[in-house]
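According to the numbering used here, the stretch in the sequence shown is residues 29 to 192, in order.
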Amino acid sequence: MQKRIAVIFVSRRNSLRSILAEACLAHLDPMRFSAHSCGQPGQLAGAIHPAAIGALQSASMPIPNRGLRSWDELARSNSVVADFIITLDAACQPLQPSWPGQPDAALWAYPDVAAGKDAEETAHAAIQMLFSLRRRLELLVSLPMHGADRAAVRSDVRDLGYMR
């Protein structure tokens, strides 16, 4: 059996964007992929955003139960060694630590809908975001990860960030 491909999704608070991405990838292909999420130290939310919970429940996807983590926790050498770091928040991309194992990195920028004040608009935006993430992640899981040209796979993963 081949090693599972570890993917870390990064957003500022680790409460909505990265949670949706982690749950979606874990739902799509839990045998080949190990999905994780984290946020910026000092910016973490106290809990998963209610809009993320609602979006995942509406899609019949389980809610991650690992708790909200900072990237410091995942960047420790004895923690997860990622194959890919996918940043969902452009503002925190330059602030990230050096990740162990030199994973490939991609920016899939999504707006910070959790900062919205209207609960109904935030809930709708979270569902739309989950649909978008699912399309990208379905393409990610279809890529030939093992035995393929690493530079080509890296390029494909980065290109997924430009999908609309």
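Note that beta-carbon positions come from the ideal geometry of N, C-alpha and C, so glycine has one too.
Since the model is a prediction, treat every value here as computed from it, not as a measurement.
Per DSSP, cross-strand counterpart(s) of valine 181: Along the sequence shown, read from residue 1 onward, the residue named residue 181 stands at position 153. None; valine 181 has no bridge partner.
Count the C-beta pairs between the region 109-116 and the region 29-40 that are closer than 8 Å, then say yes if the count reaches three, no if not. At 8 Å Cβ cutoff, the stretches touch.
Where glycine 67 and glutamine 30 are concerned, what is the direct C-alpha to C-alpha distance, given to the nearest angstrom? By one-based count along the sequence shown, residue 67 stands at place 39. By one-based count along the sequence shown, residue 30 stands at place 2. Approximately 29 Å between the Cα atoms of the pair.
Report the rounded CA-to-CA distance for alanine 153 versus valine 141, giving the unit in angstroms. Residue numbering aside, residue 153 sits at position 125 when the sequence shown is read from its first letter. Residue numbering aside, residue 141 sits at position 113 when the sequence shown is read from its first letter. The alpha-carbon separation between alanine 153 and valine 141 amounts to approximately 7 Å.
Three-state secondary structure (DSSP) at glycine 67? Here the question's residue 67 lines up with position 39 in the sequence shown. Strand.
In the region 106-173, which residue ranges form an unbroken beta strand (DSSP E) of at least 3 residues, counting only runs that do not cross its ends? Those beta strand (DSSP E) runs which fall completely within the region 106-173 and span 3+ residues are 112-115, 132-135.
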